[in-house]
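Chemist: Protein sequences appear in the order of chains X and G.
No gaps in the numbering here: position 230 of the first sequence is 230 in our numbering, and each next residue is one more.
Convert by adding 1000 to the 1-based position in the second sequence; the result is the number in our numbering.
Each residue gets a CB set at the ideal place from its N, CA and C atoms; glycine is no exception.
Sharing a structure here in structure tokens format.
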Amino acid sequence: MISECEIENLELVYKKPKTLTETPMHYCPGCGHGVINKVLMEVIDELNIQDKVVGAAPVGCSVFEYRYMDIDMIESPHGRASAVATGVKRVNPDLYVFSYQGDGDLAAIGTSETIHTVNRGENILMLFINNAIYGMTGGQMAPTTLIGQKTSTSPYGRTVKNSGFPINMTELISKLDGAYFVTRQAVHKPNGVRKLKKAIQKSFEHQKENKGTCFIEVISNCPAGWGMTPIKSNEWLEENLIKMYPLGDIKVPK
Amino acid sequence: MNMSYDKNVRLMKGNEALAEAAIRAEIDGYFGYPITPQSEILEYLSKNFNEEDGVVLQAESEIAAINMVFGAAGSGKRVMTSTSSPGMSLMLEGVSYIAAAQLPCLLVNISRGGPGLGTIQPSQADYFQSTKGGGHGDYRLIVLAPNSVQEMADFVFDAIYLAEKYRNPALILSDGTLGQMMEKVRLPEKGSLPKFIPDWAAKGKRKDKERNIILTSAVDPAVMENLNKELQKKYALLQSEVRYELNEIEDAQILIVAFGLSARICNKAQEIVKEKGVSVGLLRPITLYPFPSDTITKLSKKVQAILVVELNAGQMVEDVKLAVNGNCPVHFYGRMGGELPTPEEIYFELKKIIDEQSIEK
């Protein structure tokens, strides 16, 4: 591993954000979580809000994200990160607060908390990482799993008859009056990463204005859970997930 | 803790006295959900809590409410929730997390008859749930059981004091009657509970400090066992906070053990039996956890019989039997599902014991 000090400042074009810790990440090779964690920390660095930010971590693949983020965090029960974040924000209105949840956490077990947090227009950023599968528990069907997609609990492919339709949480959220800024991004390409970074930046800036909830869905991959190489998983993401969950801003401040 | 009191005596409902005491205990936030017979707490706070002093939020469920408490307590603020039995069941997942993370907060259960949706009448059937943990894992709550409107107000201060001293959630276990009935009360005054900013709170990483992470998980079982050992050590220390009330214990031939509302009814039964010439004492546990086991053990060597009276099928009686350990017979009388015993019913139970065991007048 080359550390920063080995490269002279003149040549340094890219570095790890200082709020990202030295702890090696547990995420599988090719997984999007690492990129999203890093981008989030880059924004916190650039806005210089390390001492004013608290994050609510979920249960799922990102359960250990507090290891990588050099900020104060609370590890929440499964599905309740937005309620935990609400609690922090309501008694500390000057803090920047975010929740970070996967599809099972936010769109299955935590659906009620998700909808009501946004409906109240809590002044927090909600990050929703959608990879259409339960990664942490070993690849079970998620609420966002596509029709026909094979998982360990839909081994013959998800059927409408048995499991209903993939839920489109972000479009649903955008209809709520409490939602201020709603967007869907992906991190399988560099320009997507840049767009996500801008969206996170904007969301923290909006938080100062007390205008309502900022909600960012990030379409991500799960090479291990999907049984694909990282490259193949990015292709599959582009061909299938993004068709179902199109990228772009869904609700922007007027 | 030095408490000072209002000069004025007021006539208040138990739930309202508790809510007013919470304002005077300078809470930063209340998160709750309506459920009978405790809704007056949320209503009173919604009406009377000053917005500049903090937040009163009606959540979408008890599950959300307890997790808001978790977040707010994790940021080092003084927060509370209240509910009634079925709502408490919903909160227990979050309570387990709060206990594991060692966060102070105030929980209130104005309990009602169960199981299931049950009734809205008073019950003590949540004794096991309250004193044995309730949620998953080896944890305990500090549990205080009031038996008057005065104690509904006082115990808010005591519970918060203990919760913050031990970094542990504290529960006031009351019931529908104590919540709904009106009595004279002198309210504690503001300022008895000084506030401090805990150094463990997640409220933004200070430049010169390590980050604070409110955490309840461990991959390594050795780490998890150590957390458990830490908790058990704390619970052992907690035993010094045991509180109970003794009534006419001198020369008692029979000892009644009852908490909360049951103890009030037993007081009356004591008066009736006194007229008949048998001496009956009463021990009222005030802290249900820690439990006054040592005192019960001592008394069980002096009396000829113990009668435990509860508004359930027999829950605290198990803890009494453990403390008595065969020193004397332990009898039980309980009413369930929201029914209350009359003092006469308890008198008849005492009479049965006197006859069965041939206790001399």
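Counting C-beta neighbours from all protein chains within 10 Å, is the total for Ala1059 of chain G 16 or more, i.e. buried, or is it exposed?
Modeler: Buried, by the Cβ-count rule.
Chemist: Could you list the residues in the stretch 1182 to 1210 of chain G with a C-beta less than 7 Å from some C-beta on chain X, going in chain order?
Modeler: From the stretch 1182 to 1210 of chain G, only Ala1202, Lys1203, Gly1204, Lys1205, Arg1206 and Lys1207 have a Cβ closer than 7 Å to chain X.
Chemist: Output needed for Gly1137 of chain G: all residues of its chain with C-beta closer than 7 Å, excluding positions within five of it in sequence on either side, in chain order.
Modeler: Ser1096 and Ala1100, listed in sequence order.
Chemist: Measure from the alpha carbon of Gly962 of chain G to the alpha carbon of each residue in G:Glu1271, G:Ser1046 and G:Gly1338, then state which is nearest.
Modeler: Outside the modelled stretch of chain G, which goes from 1001 to 1361, sits residue 962 of chain G, for which no answer is possible.
Chemist: Under DSSP, the alpha helix (DSSP H) around Val1308 of chain G begins and ends at which residues?
Modeler: It is not in any alpha helix (DSSP H) - Val1308 of chain G instead sits in the beta strand (DSSP E) that spans Ala1305 to Glu1310.
Chemist: First and last residue of the beta strand (DSSP E) that includes Gln201 of chain X?
Modeler: From DSSP, Gln201 of chain X is part of no beta strand (DSSP E) but of the alpha helix (DSSP H) over Pro190 to Glu209.
Chemist: What does the alpha-carbon distance come out to for the pair Pro77 of chain X and Pro1292 of chain G?
Modeler: Those two C-alpha atoms are separated by around 34 Å.
Chemist: Do Asn1147 of chain G and Arg1264 of chain G have their beta-carbon atoms positioned less than 8 Å apart in this structure?
Modeler: Yes, the Cβ-Cβ distance between Arg1264 of chain G and Asn1147 of chain G is below 8 Å.
Chemist: What separation, rounded to the nearest whole angstrom, lies between the Cα atoms of Cys222 of chain X and Tyr245 of chain X?
Modeler: If you take the alpha carbons of Cys222 of chain X and Tyr245 of chain X, they lie about 16 Å apart.
Chemist: So, is the C-beta of Tyr66 of chain X closer than 8 Å to a C-beta in chain G?
Modeler: Taking Cβ atoms only, chain G reaches closer than 8 Å to Tyr66 of chain X, which makes this a yes.
Chemist: Assuming Tyr96 of chain X and Lys161 of chain X make a contact with CB atoms under 8 Å, what is their CB distance in whole Å?
Modeler: Rounded, the Cβ-Cβ distance is 44 Å, inconsistent with contact.
Chemist: Does any C-beta atom of chain X lie closer than 8 Å to the C-beta of Thr1216 of chain G?
Modeler: So, interface residue.
Chemist: Curious, which full-length alpha helix (DSSP H) runs of at least 4 residues does the stretch 12 to 47 of chain X contain?
Modeler: Whole alpha helix (DSSP H) segments, 4+ residues: 33 to 47.
Chemist: Listing by chain order, which chain G residues have their CB less than 8 Å from the CB of Pro77 of chain X?
Modeler: The answer, in chain order, is Asn1067, Phe1070, Glu1093, Gly1094 and Tyr1097.
Chemist: For Gln1129 of chain G, name the three-state secondary structure that DSSP assigns.
Modeler: Helix, per DSSP.
Chemist: What residues in the stretch 44 to 58 of chain X have a beta carbon less than 7 Å from any beta carbon of chain G?
Modeler: Those would be Gln50, Asp51, Lys52, Val53, Val54 and Ala56, in chain order.
Chemist: Can you give the Cα-Cα distance for Met1181 of chain G and Ile1172 of chain G, rounded to whole angstroms?
Modeler: The alpha-carbon atoms of Met1181 of chain G and Ile1172 of chain G are separated by roughly 17 Å.
Chemist: Could you name the residues that DSSP lists as bridge partners for Asp72 of chain X?
Modeler: Note: Asp72 of chain X sits in a beta bridge opposite X:Val54.
Chemist: For Val1142 of chain G, return the contacting residues in chain X, with the cut-off set at a CB-CB distance below 7 Å.
Modeler: The amino acid occupying residue 1142 of chain G in the given sequence is Ile; Val does not appear at that position. Near Ile1142 of chain G there are no residues of chain X at all, since even the closest Cβ is about 21 Å away, more than 7 Å.
Chemist: For Ile133 of chain X versus Gly248 of chain X, is the C-beta spacing smaller than 8 Å?
Modeler: Result no, Cβ atoms of Ile133 of chain X and Gly248 of chain X do not sit closer than 8 Å.
Chemist: Could you list which residues in chain G have their beta carbon closer than 8 Å to that of Ser148 of chain X, in chain order?
Modeler: For the sequence presented, residue 148 of chain X should be read as Gly rather than Ser. Those do not exist, as Gly148 of chain X stays about 33 Å from chain G at its closest Cβ, beyond 8 Å.
Chemist: Which same chain residues end up closer than 8 Å to Glu1052 of chain G when comparing Cβ atoms and leaving out the 5 residues on each side of it in sequence?
Modeler: No residues qualify anywhere along the chain.
Chemist: Which of the three DSSP states is assigned to Ile2 of chain X in this structure?
Modeler: In this prediction, Ile2 of chain X scores a pLDDT of 48, lower than 50, which makes its location untrustworthy; no coordinate-derived value is stated.
Chemist: At 8 Å on the CB atoms, spell out the chain X contacts of Gly1133 of chain G, in chain order.
Modeler: Neighbours of Gly1133 of chain G on chain X: none; closest Cβ ~16 Å, over 8 Å.
Chemist: Cutting at 7 Å between CB atoms, please list the residues of its own chain near Ile1027 of chain G, excluding the five before and the five after it.
Modeler: Cβ neighbours of Ile1027 of chain G beyond the five flanking positions: Gly1054, Arg1078, Val1079 and Met1080.
Chemist: At a CB distance below 7 Å, what residues from the stretch 1014 to 1040 of chain G approach chain X? Give them in sequence order.
Modeler: For the stretch 1014 to 1040 of chain G, which is checked against every Cβ of chain X, the residues closer than 7 Å are Asp1028, Gly1029 and Phe1031.
Chemist: Between G:Glu1164, G:Ile1120, G:Asp1175 and G:Ser1046, which lies nearest to Phe1259 of chain G when the distance is taken from Cα to Cα?
Modeler: When each option's Cα is compared against that of Phe1259 of chain G, the closest is G:Asp1175.
Chemist: Leaving aside the five residues before and after Lys232 of chain X along the sequence, list all residues of the same chain whose C-beta is less than 8 Å from its C-beta, in chain order.
Modeler: Excluding sequence neighbours, Lys232 of chain X sits near Pro223.
Chemist: Tell me, please, whether the CB atom of Leu1299 of chain G is closer than 8 Å to any CB atom in chain X?
Modeler: Not closer than 8 Å to any Cβ of chain X, the Cβ of Leu1299 of chain G fails to qualify, so no.
Chemist: Using 8 Å as the threshold, is the stretch 1248 to 1258 of chain G in touch with the stretch 1268 to 1284 of chain G, meaning 3 or more CB pairs across them?
Modeler: Enough Cβ pairs lie closer than 8 Å, so yes.
Chemist: Mind reading off the beta-carbon distance from Met41 of chain X to Gly34 of chain X? Whole number of angstroms is fine, and I expect it under 8 Å.
Modeler: About 11 Å; that fails the 8 Å criterion.
Chemist: Give the interface partners of Met260 of chain X over in chain G, defined as CB-CB distance under 8 Å, in chain order.
Modeler: Only positions 1 to 254 of chain X appear in this structure, which leaves residue 260 of chain X out of reach.
Chemist: Report yes if the C-beta distance between Pro1188 of chain G and Ala1021 of chain G is below 8 Å; otherwise report no.
Modeler: Closer than 8 Å, so yes.
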